[in-house]
Each structure stands twice: as structure tokens, then as C-alpha cells.
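Engineer:
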Amino acid sequence: MKNFGLPPLGAGAGLRHAHFDDIIKHKPPFRWFEVINEDFMNFGGYVKECFEEIRKHYKVVGHGVCMSIGSTDPLDMQYLQNLKAFLDHIDSPWTSDHLCFTMVDHTNLNDLIPLPFTREAVDNVVSRVKIVQDVLERPFLLENVTRYVTVSDREMNESQFINSILEEANCGLLLDVTNAYLNSKFHGNDPLEFIKSLPLDRVGQMHVAGWEALEDGSFIDSHDAPVPQPVWDLFQEVLKLTGPSSVIVEWDNLLPPVTQLLEEAQQANRIMQAQFPSLEAA
Ligand SMILES: [Fe+2]
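Residue numbering for the sequence shown follows numbering that gives the first Met the number 0, starting at 0 and increasing by one per position.
1. Beta carbon of asparagine 252: closer than 7 angstroms to some heavy atom of ligand 2?
2. Beta carbon of glutamate 37: closer than 7 angstroms to some heavy atom of ligand 1?
3. Once DSSP output is grouped into helix, strand and coil, what is the label at phenylalanine 42?
4. Since glutamine 266 sits in a beta bridge, which residues does DSSP pair it with?
5. So, helix, strand or coil for glycine 216, using DSSP?
6. Where the beta carbon is closer than 5 angstroms to any heavy atom of ligand 1, which residues qualify, in chain order?
7. Should methionine 0 go down as buried or exposed, given a rule of 16 or more other Cβ atoms within 10 Å for buried?
8. Quick check on isoleucine 247: does DSSP put it in helix, strand or coil?
9. What is the residue span of the beta strand (DSSP E) that leucine 233 lies within?
10. Which term fits leucine 98, buried or exposed, when burial requires 16 or more other beta carbons within 10 angstroms of its beta carbon?
11. By the DSSP assignment, the beta strand (DSSP E) with valine 202 in it spans what residues?
12. Per DSSP, which one or two residues make a beta bridge with leucine 260?
13. Suppose you measure from the CA of lysine 47 to the CA of histidine 18; what does that come to, to the nearest Å?
14. So asparagine 178 is in the alpha helix (DSSP H); what residue range does that whole segment cover?
15. Once DSSP output is grouped into helix, strand and coil, what is the label at lysine 83?
16. Do you know how far the Cα of proline 6 is from the Cα of cysteine 170?
17. Within the chosen definition, does the region 206 to 222 reach the region 187 to 197 through at least 3 CB pairs nearer than 8 angstroms?
18. By how many angstroms is the C-alpha of glutamine 266 removed from the C-alpha of valine 134?
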């Protein structure tokens with residue numbers, strides 16, 4: 000089974016409020032948009048009007064940032080019920096969130112904190128993903144996150160951690176190619192070898208993004224720049240392993256004009272179409 004059984008949508012972009020007017024006015028040929036669930040699930044007024052107009056013209060798929068799947072706080076069942084209603088409303092064929100935690104003792108840390116690679120953390124995440132899947136009633140993908148430090152690899156490495164969770168919870172992988180690349184820079188491993196060690200038949204979606212390079216040679220996963228060439232090269236290699244997929248260009252800060260975002264998405268589509276000519280032209 001390729002692509003976790005999900006339809007390969009080609010390349011699109013993350014939908015951001017600042018681009019609403021241009022998208023509604025010019026209808027640029029994005030194949031699809033990923034929407035941050037929490038940005039829209041409780042919306043109203045102007046945001047809702049714009050969002051509903053955009054939905055008339057584009058496929059949208061929900062992606063979350065607040066589930067805190069690795070937390071030891073109880074799952075927020077009201078949040079999950081609201082999320083289910085939102086995903087039903089936008090007819091999202093799948094949804095995703097990050098393999099991390101964001102909540103501690105009911106306080107949102109507003110960051111994606113990596114988990115320790117332990118059996119205890121695997122069991123905790125697996126039990127929570129099963130509940131999430133029961134409530135949401137659609138395929139659920141977990142995204143690999145960047146980690147500037149190794150929290151713990153005494154029991155297993157990142158690949159074993161991800162493999163265990165996906166297999167035991169029977170969920171999919173949102174493969175963030177940039178995160179895998181940056182982690183290889185932080186921790187000195189080969190990004191393609193890391194990706195090859197993941198259960199690639201479970202990859203249902205991918206992300207690519209740019210980052211901020213600091214003067215001291217380090218990086219910040221800032222989503223504020225064009226996708227660098229090494230990530231495009233890695234993406235090209237990954238596609239040989241996964242087959243055609245659905246990919247999103249993530250750009251969250253220092254937003255570019257819509258035309259530049261579209262060019263990034265079209266670059267991803269060109270790379271995909273070069274390998275899979277049967278994919279429709281963007
Ligand atoms: Fe991502």
C-alpha cells in the first residue's frame with residue numbers, strides 16, 4: 000500500500016490569513032491547501048467568510064498544532080469533538096498533528112517539544128492516538144518534529160520510536176522532509192538513511208519548508224524562507240521511495256507574496272511530475 004492508502008494530491012501550500020484577499024481575487028492555481036485546524040475551527044465573521052469562499056475553489060485538508068499527543072495531561076475530549084465537527088464540515092480526507100507535546104499541567108507551552116524515546120512514551124502516545132482515531136473517524140498522521148537536543152535515546156532511537164508508534168497505533172506519517180534534514184544537521188546523521196529507516200508505506204503527506212541560517216552556522220526551523228536546494232534534492236530522493244504523494248510548502252513567518260508561494264508549490268510539482276508523468280500538470 001502506497002501513501003497510506005490516501006490520494007496523492009500533488010503539491011500545495013499552507014493557507015495563511017494574510018493571503019486570503021489575493022487568493023480570492025486571483026484564484027492562483029494551487030492544487031490544494033493545508034489549513035491549521037485551530038486557526039479555523041472556532042472561526043466566525045470575516046475569517047469564516049473568506050475561508051468558505053476559498054473552500055469553494057480549493058481542496059483543503061486539516062493539520063493541527065494543539066493536540067499535544069505526547070502529553071500526560073488527559074486528552075481534551077471537547078477539543079476532539081470540536082475538531083471532528085470541523086473536519087467533517089470541510090470534508091477533510093485525513094488530518095494530522097505533531098509527534099510531540101505542547102501542554103504541561105494544562106498550560107500550553109506554545110512550542111512543539113520532542114518526546115523522550117522511551118517505551119513509556121510510546122505506550123502513552125499509542126493509547127491516545129487510538130482514542131483520537133475513534134473520535135475523528137478518518138486517517139490520522141503524526142509529523143516528525145525538529146529537535147535541537149536529544150531528549151533521550153537510551154531505550155531506542157528516533158526511527159525505532161516512530162516505527163513503534165505508527166505500527167502499534169496503526170496511524171500514518173506526515174513526513175516533514177525539512178525537519179528530517181535539519182535534525183541530520185543537528186545530530187550528525189544522514190537524512191536519507193534516517194528516512195529510509197521509517198515505515199514509508201505509512202507516509203500519507205509531506206512538508207517542505209525553508210529556515211533561518213544563523214551566523215554561527217546553526218539553523219532555526221523558522222518557515223520563513225524559500226525551500227533550500229538540499230531539501231529539494233532530498234525530496235526528490237524520498238519520492239523514489241514513497242511514490243507520488245501530497246506535499247505542502249510551509250511558510251509561516253515573513254510571508255512572501257502569493258506568487259512566490261505558488262512558485263514554490265509548482266517547483267514541488269515539477270519534481271513530482273518528472274518522476275511520475277501521469278500526475279496532472281499544475
Ligand atoms: Fe511541518
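The C-beta atom is built at its ideal place from N, Cα and C for all residues, glycine as well.
Structural biologist: In terms of the structure at hand:
1. Ligands displayed in this structure: ligand 1; ligand 2 is not among them.
2. In the sequence shown, the residue the question calls residue 37 occupies position 38. No, the Cβ of glutamate 37 stays beyond 7 angstroms of every heavy atom of ligand 1.
3. As a working mapping, residue 42 is identified with position 43 in the sequence shown. DSSP places phenylalanine 42 in coil when its eight states are reduced to three.
4. Along the sequence shown, one-based indexing puts residue 266 at 267. Beta-bridge pairing links glutamine 266 to no other residue.
5. For the purposes of this step, residue 216 is taken as residue 217 along the sequence shown, with counting starting at 1. Looking at glycine 216 - three-state DSSP - the assignment turns out to be coil, as it is neither helix nor strand.
6. Every residue with a CB closer than 5 angstroms to a heavy atom of ligand 1 is listed here in chain order: Asp175, His206.
7. Numbered from its first residue, the sequence shown carries residue 0 at position 1. Its Cβ having fewer than 16 others within 10 Å, methionine 0 is exposed.
8. Along the sequence shown, one-based indexing puts residue 247 at 248. Looking at isoleucine 247 - three-state DSSP - the assignment turns out to be strand.
9. As a working mapping, residue 233 is identified with position 234 in the sequence shown. From DSSP, leucine 233 is part of no beta strand (DSSP E) but of the alpha helix (DSSP H) over 228 to 241.
10. Position 99 of the sequence shown, counted from the first residue, corresponds to residue 98. By the neighbour-count criterion, in which 16 or more other beta carbons inside 10 Å mark a residue as buried, leucine 98 falls on the buried side.
11. Taking the first residue of the sequence shown as position 1, residue 202 is located at position 203. Segment 202 to 208, the beta strand (DSSP E) holding valine 202.
12. By one-based count along the sequence shown, residue 260 stands at place 261. Answer is none; leucine 260 lacks a bridge partner.
13. Position 48 of the sequence shown, counted from the start, is the residue given in the question as residue 47. Position 19 of the sequence shown, counted from the start, is the residue given in the question as residue 18. Taken atom to atom, the span from the alpha-carbon of lysine 47 to that of histidine 18 is near 14 angstroms.
14. Locating residue 178 in the sequence shown gives position 179, where the first residue counts as 1. Per DSSP, asparagine 178 belongs to the alpha helix (DSSP H) from 176 to 186.
15. As a first step, residue 83 must be located in the sequence shown, where it is residue number 84. Helix at lysine 83.
16. Counted from its first residue, the sequence shown places residue 170 at position 171. Counted from its first residue, the sequence shown places residue 6 at position 7. Taking the straight line joining both Cα atoms gives about 16 angstroms.
17. No, the region 206 to 222 does not touch the region 187 to 197.
18. On the sequence shown, position 135 is the one that residue 134 refers to. On the sequence shown, position 267 is the one that residue 266 refers to. For valine 134 and glutamine 266, the distance between alpha carbons rounds to 36 angstroms.
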